[in-house]
Structure formats: C-alpha cells, structure tokens
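Protein chains in written order, with the working numbering: chain A, 778 to 925; chain B, 778 to 925.
As structure tokens, this is what we get:
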C-alpha cells in the first residue's frame, strides 16, 4: 500500500489542526493553547511503532523532528522541548513536539493527563499558526534538512 | 570537549543501572520493576536537546533507539513501546524506551508521575538484565545497525 491509502486517525484529526504536508509526515498543531504543541504523523499505512518505518523513513522523520524543533525554539523560545512517541490511546504512529516553559500549567510534569485541553479560539489559532509560518514552507524545509 | 569529559548526571545514575556502552550512548536500565524501561544517555557534553547533537550523532542515536526497541519487543513482547525525550527535571539529554502492557500499572497513561518506582530486588535485577543480555553485546549492536 502506498501513502495514498493512508488516512489520518479520526481522533488525531479531532484533536489537532493541519499545518503542512512534509515529505514523510503530516504536520499538525495540537488543539491545546496551553502549549505550542506540534504533531508529526508519518503517512505510512499501519505504522504503530517507530520501527515499523524503514531505515530511510526513520531518517526522514528524524530530519522533520529536527527541523520542527528548531522552528519551535526560534518562534517560541521555550525553556525545554519535549519529544515523544507514545500511542497508548491512539495507535497510529505520531510524534509529539511540545514547547515547555517553567511557568506552564504542567511544569515540570509531562503534559498528558492534565485535564481537558484549552481549545484555541479562532483568533488565537490564527495567531499561533502565523507564528509557525516558517514551518509551513515545505519547500524551504526540504532545502534545509539535507544531511550535513 | 570530548566524550571523555562527559559525566552521567547523578540523578540518572541514582535512578538506573548500567547495561552497556553503545557507540554514542550509555545504555541503562531504569530502576522501576513495573516496566521494562531503558534509558539511552548520549555521551555528549552539555547536550540538553536532540538538536544539540550533530546530524551524524542524531543518526547514531536513532539507530540505537531502533535497535533497543527491537530488543524490548523481542525479549518482553509488550503491547506498545513508549519513546520520549523530556528532560524537564534532569536536563542532561536522555531518551526513555519503555515497554508497555495493557495491564501495567499506568496504562494507558504515560508512566511518569505515578508515584515512587518499584525498585528492583537484587534477584529481580539479575533476572531482568539477563533477559536484556542480547543488547549488552555492543559489537553485535554495531554490526546490526549499519544503515540499510
């Protein structure tokens, strides 16, 4: 099966907003205004674990994680990044990238299981997406993530 | 500074047991018998974030994550793997690899913040380390993780 047969898990779709199609992954904004929180969802049919990706797909995902991490640092100046692939509730492989601050609601704990998310208002969503604008330039992403 | 100047964070040292020296990372067993739980700690001075590693170091870490994931699957047959780099409390870059089961104490939540860990008894530690024995063969690891 090719990536054309891939479909985003409906729970991930409900909990996040689309940002960009990267080479391997769909990049989404998690719908919780408490944290600048990205999701990378590789468009690989039936992938649940990182090791379900081929070695080359893993390396592309790593480059996408690297690039999106740099975007979060540049645009939001967090105190720490949290990167995680858990998938205990939603099995479709997805990677969380979360910008954390020492004064955010969950610090220093992980963000999961802290009660309901603070959904973005339309205005707040527009503002956040505009701050993420650089990451939306998929062409630019491709140029920047050549191996060094 | 070279990796010879690197020192394991004392809190990570207290909370885990040494398993092996991989090419980039020190591999350790987290001291919580509730879960088969590995730590990969790259021996890179002052690294806090994944992006503090060079592109080539990132790729070695990815290969170490891939290999250790396969060892956990092969030896413990978990329902899910959890992979995370958080570092909100201990800044030294470290990656958690945790074998999860639908009947484990935290499922389906993440494992962090669930109260004190269940420390291994000496006998249980020996049993667990022996089940992880394949991952201790660093030479074998090097052979297996050539890029494909």
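Here a beta-carbon is modelled for each residue, glycine too, at the ideal position from N, C-alpha and C. All figures in this text were calculated on a predicted structure; none of them were measured in a lab.
Residue i to residue j, Cα distance in whole Å?
i: residue 922 (chain A); j: residue 900 (chain B); result: Its pLDDT being 47, under 50, residue 922 (chain A) is placed unreliably in this model, and the coordinates cannot settle the point.
i: residue 817 (chain B); j: residue 874 (chain B); result: 8 Å
i: residue 806 (chain A); j: residue 794 (chain A); result: 5 Å
i: residue 920 (chain B); j: residue 840 (chain B); result: Annotation note: pLDDT 46 at residue 920 (chain B) (below 50); position unreliable, coordinate value reported separately. Each residue's alpha carbon lies about 11 Å from the other.
i: residue 781 (chain B); j: residue 869 (chain B); result: 16 Å
i: residue 829 (chain B); j: residue 849 (chain A); result: 14 Å
i: residue 842 (chain A); j: residue 906 (chain B); result: 32 Å
i: residue 916 (chain A); j: residue 801 (chain A); result: A caution first: residue 916 (chain A) carries a pLDDT of 46, below 50, which makes its placement in the model too unreliable to give a value.
Using a C-beta to C-beta distance shorter than 8 Å, which residues of chain A count as neighbours of residue i?
i: residue 814 (chain B); result: Going along chain A, no residue has its Cβ under 8 Å from residue 814 (chain B), so there is no contact; the nearest lies around 14 Å.
i: residue 827 (chain B); result: 842, 843, 846, 858, 860
Let me check understanding here. Comparing Cα to Cα, which of the options lies closest to residue i?
i: residue 834 (chain A); options: A:893, A:886, A:799, A:792; result: A:799
i: residue 909 (chain B); options: B:792, B:814, B:784, B:780; result: B:814
i: residue 784 (chain A); options: A:851, A:826, A:822; result: A:822
i: residue 838 (chain A); options: A:850, A:781, A:803; result: A:803
i: residue 820 (chain A); options: A:882, A:883, A:894, A:871; result: A:871
i: residue 966 (chain B); options: B:883, B:888, B:827, B:879; result: The requested residue 966 (chain B) does not occur in the structure, where chain B is confined to residues 778 to 925.
Looking at the unbroken alpha helix (DSSP H) that takes in residue i, where does it start and where does it end?
i: residue 902 (chain B); result: 899-908
i: residue 970 (chain B); result: Because chain B spans 778 through 925 in this model, residue 970 (chain B) falls outside it and cannot be assessed.
Quick check on residue i: does DSSP put it in helix, strand or coil?
i: residue 841 (chain B); result: helix
i: residue 896 (chain A); result: coil
i: residue 802 (chain A); result: strand
i: residue 787 (chain B); result: helix
i: residue 922 (chain A); result: Any reading at residue 922 (chain A) must be qualified, since the residue scores a pLDDT of 47, below 50, and its modelled position is unreliable; no value is offered.
i: residue 851 (chain B); result: helix
i: residue 832 (chain A); result: helix
Residue range of the beta strand (DSSP E) that residue i falls in?
i: residue 876 (chain B); result: 872-877
i: residue 858 (chain A); result: 857-862
i: residue 816 (chain A); result: 814-819
Could you list which residues in chain B have their beta carbon closer than 8 Å to that of residue i, in chain order?
i: residue 885 (chain A); result: 865, 866
Following a CB-centred definition, is residue i positioned closer than 7 Å to any heavy atom of the ligand NAP?
i: residue 897 (chain B); result: Of the ligands one can find in the structure shown there are none, so the ligand NAP has no counterpart to examine.
Anything in chain B within Cβ reach of residue i, meaning under 7 Å, just list it in chain order.
i: residue 802 (chain A); result: Those within 7 Å of residue 802 (chain A) in chain B number zero; the least Cβ separation is about 15 Å.
In chain A, what lies closer than 9 Å to residue i by C-beta?
i: residue 890 (chain B); result: 886, 887, 890
If the cut is a Cβ gap below 7 Å, which residues of chain A does residue i touch?
i: residue 869 (chain B); result: Chain A residues near residue 869 (chain B): none, gap ~12 Å exceeds 7 Å.
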